[in-house]
Amino acid sequence: MKRREFLKKSMLAAVGTALLGDRAIGRIAEEPVSASAVNSNGKAMKIVVLTGSPRRNGNSAYLAEQFIKGAEERGHEVFRFDCAFKKVAPCRACNHCGMDGPCVFQDDFEELRPRLVEADMVVFATPMYYFGISAQMKSVIDRFYAINGQIKDNPKKAAFLMTYADTAKKEAEPMLLHYNTLLEYLGWESVGTVVASGVWTAGSVKNTSYGQQAYQLGKSL
Ligand SMILES: Cc1cc2nc3c(=O)[nH]c(=O)nc-3n(C[C@H](O)[C@H](O)[C@H](O)COP(=O)(O)O)c2cc1C
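Residue numbers (numbering that gives the first Met the number 0): 0 to 220.
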């Protein structure tokens with residue numbers, strides 16, 4: 000994929016989403032939205048779950064666990080990659096990979112690379128850090144660059160699980176916009192989001208219904 004096209008498509012997606020406003024990020028609703036999510040053969044899916052928090056027993060990790068529980072009960076195969084506990088260097092934009100080739104870094108991304116390429120679904124579970132996804136997860140997403148040619152327009156399902164301390168829905172919008180714009184660019188389809196607000200201390204999400212939402216989302220696949 001040409002870099003100019005990458006930028007053009009990303010900008011068009013961003014502008015389109017901005018123009019559509021709330022409708023474009025309609026999945027901000029706290030109830031998970033689910034579509035039919037079997038793969039194209041109607042078989043069990045290969046699901047990659049990326050977690051972004053450095054807190055092993057944190058809130059987004061709990062949502063990921065609940066989602067995985069539901070998905071595995073439905074017979075799907077889950078590969079979990081805890082970005083904060085892996086060695087994944089940030090992309091250094093050397094373009095050695097040409098957006099579809101070997102990376103100069105031989106780190107833990109290599110174990111994720113084939114899983115992402117073959118996945119039917121990718122789930123992002125992250126805390127909000129200054130209104131964005133965690134740096135640990137962003138570093139991993141930026142390394143998608145080396146497999147861009149293989150994962151773009153290669154239809155996949157996706158879901159987004161996020162946690163944050165404040166309660167204003169508006170504050171979740173930048174992350175949902177990012178998620179939706181990324182999916183629009185890649186040509187992937189969202190099957191749902193769980194937006195867990197008002198959770199600050201590690202594990203406090205267990206006292207809410209968000210875990211059940213994440214479980215139901217996995218179970219609905
Ligand atoms: C570096 C940092 C930045 C944060 N930024 C925000 C923020 O912008 N808005 C907010 O509501 N909470 C913010 N929080 C709180 C976390 O989003 C919240 O505690 C979340 O539940 C953590 O999820 P985790 O347990 O999965 O790590 C921040 C926390 C940290 C450590």
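All C-beta atoms, glycine included, are put in the ideal place defined by N, C-alpha and C.
Please report the straight-line C-alpha distance between residue i and residue j, rounded to a whole angstrom.
| i | j | result |
| --- | --- | --- |
| valine 122 | aspartate 152 | 17 angstroms |
| tyrosine 61 | glycine 202 | 7 angstroms |
| lysine 169 | cysteine 90 | 30 angstroms |
| leucine 220 | arginine 73 | 7 angstroms |
| alanine 88 | phenylalanine 104 | 7 angstroms |
| tyrosine 128 | proline 173 | 11 angstroms |
| threonine 192 | leucine 160 | 6 angstroms |
| histidine 177 | aspartate 141 | 13 angstroms |
| glutamate 117 | cysteine 93 | 25 angstroms |
| leucine 175 | valine 204 | 19 angstroms |
Please indicate yes or no: does the CB of residue i lie closer than 7 angstroms to some heavy atom of ligand 1?
| i | result |
| --- | --- |
| isoleucine 184 | Residue identity check: residue 184 is tyrosine in the sequence provided, not isoleucine. Because no heavy atom of ligand 1 lies under 7 angstroms away, the Cβ of tyrosine 184 does not count as near it: no. |
| methionine 127 | yes |
| threonine 162 | yes |
| serine 189 | no |
| asparagine 58 | yes |
| alanine 201 | yes |
| arginine 55 | no |
| glutamate 123 | Per the sequence presented here, residue 123 reads as phenylalanine, with glutamate not at that position. Every heavy atom of ligand 1 is 7 angstroms or more from the Cβ of phenylalanine 123, so no. |
| aspartate 81 | no |
| valine 198 | yes |
Which stretch, first to last residue, makes up the alpha helix (DSSP H) that contains residue i?
| i | result |
| --- | --- |
| phenylalanine 130 | That residue, phenylalanine 130, is in no alpha helix (DSSP H); it is neither H nor E in DSSP. |
| alanine 70 | 58–72 |
| glycine 217 | 209–218 |
Using DSSP with H/G/I as helix, E/B as strand and the rest coil, what is residue i?
| i | result |
| --- | --- |
| phenylalanine 78 | strand |
| phenylalanine 104 | coil |
| lysine 86 | coil |
| threonine 166 | coil |
| glycine 191 | strand |
| alanine 157 | strand |
| valine 121 | strand |
| alanine 201 | coil |
| lysine 151 | coil |
| asparagine 206 | helix |
| serine 196 | coil |
| aspartate 141 | helix |
| arginine 114 | helix |
How about residue i and residue j: do their beta carbons lie closer than 8 angstroms?
| i | j | result |
| --- | --- | --- |
| valine 47 | phenylalanine 80 | yes |
| alanine 158 | serine 189 | yes |
| methionine 44 | aspartate 119 | yes |
| lysine 218 | glycine 57 | no |
| alanine 171 | serine 196 | yes |
| lysine 156 | tryptophan 199 | no |
| tryptophan 124 | leucine 49 | Sequence check: residue 124 is alanine here, not tryptophan. Yes, they are a contact pair. |
| glycine 51 | cysteine 82 | yes |
Need the endpoints of the beta strand (DSSP E) that residue i sits in, please.
| i | result |
| --- | --- |
| threonine 180 | From DSSP, threonine 180 is part of no beta strand (DSSP E) but of the alpha helix (DSSP H) over 172–185. |
| isoleucine 46 | 45–50 |
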